[in-house]
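For the sequence shown, numbering that gives the first Met the number 0 assigns the number 182 to the last residue and increments by one with no breaks. Everything on this sheet refers to the single structure shown next.
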Amino acid sequence: MSGSCLRMVSLDTTGCLKGGKWRRIANSDFVEISLRDNEIFPPIEARKLAIERTEQYYKINKIRYDKKFQEADFKVDDLVMYEEFQYPNTRKLSPPYEGTYTVLRKCSDVLFEIDRHNALNKTSTELVHSVRLKHFHPSENFQLNYVQQNSLNKKNKKITKRNLLRNTEVTEFCLTRLFDEKE
């Protein structure tokens, strides 16, 4: 049996539950719910059965939710990015995250205080849910490559293969093998 088989369980005109189905619980166990197609239960039994099924669905939904849930692992003094709300009129290429902020205090399991200015309350800190935060990982060895450095110098310089290779550690042997050139 693949996935989960569902059939609607309906109430007939007397308010009794009728119908039946197989239901997959957790990963591999299949449980038969003891209603057959034309079997009718009185309202008291139908309510008991409804309570049992509600508890089963609660357990199944809890398992499904817990698979995807990730606990917020932000600590005090961590650098974080704040996710801006995307209003309908925002530009397509506007960055979704802003700043680098510091976590000042952990208020609860999912609520953190960061050093972002709150214009509404006119305070220097803001309480933010963990869903709106993302870890910031600064690159320690950030360097511009040769092409970017030359474009920032704003010189009208022709960039050739040889100029690109001068910046890297390339021996004369490699130059002659690659481009039939000598320094």
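Note that CB positions come from ideal geometry on N, CA and C, so glycine has one too.
Can residue i and residue j be called in contact, C-beta distance under 7 angstroms?
i: S129; j: V109; result: yes
i: F73; j: T99; result: no
i: T122; j: E112; result: no
i: R115; j: Y81; result: yes
Quick check on the burial criterion: 16 or more other C-beta atoms within 10 angstroms. Buried or exposed for residue i?
i: F68; result: exposed
i: A118; result: exposed
i: I62; result: exposed
i: L132; result: buried
i: A49; result: exposed
i: R90; result: exposed
i: R46; result: exposed
i: N88; result: exposed
Determine the closest residue to residue i out of the options, with distance taken between C-alpha atoms.
i: V137; options: L78, Y64, N60 and K66; result: Residue 137 is actually Pro in this sequence, not Val. Among L78, Y64, N60 and K66, the Cα nearest to that of P137 belongs to L78.
i: E97; options: E83, P87, P41 and T53; result: E83
Using C-beta distances below 6 angstroms, list every residue in its chain close to residue i, excluding the 5 sequence neighbours before and after it, in chain order.
i: S189; result: What the structure shows of the chain is the stretch from 0 to 182, and residue 189 is not part of that stretch, so it cannot be assessed.
i: A71; result: V109 and S129
Could you tell me whether any Cβ in chain D is nearer than 7 angstroms to the Cβ of residue i?
i: Y96; result: Looking at the structure shown, chain D is missing, and only one protein chain is on hand.
Using a Cβ-Cβ cut-off of 8 angstroms (strictly less than) and excluding sequence neighbours within five positions of residue i, which residues of its own chain qualify?
i: V75; result: V102, L103, R104 and K105
i: P95; result: E82, E83 and Q85
i: V127; result: Y81, L110, F111, E112, I113 and R115
i: Y56; result: none
Answer yes or no: the CB of residue i versus the heavy atoms of the ligand ZN, is any distance below 6 angstroms?
i: A49; result: With respect to the ligand ZN, the structure offers nothing, as it holds no ligand at all.
Which residues in the same chain have their Cβ closer than 7 angstroms to the Cβ of residue i, if we skip the five residues on either side of it in sequence?
i: D65; result: none
i: E44; result: none
i: E51; result: none
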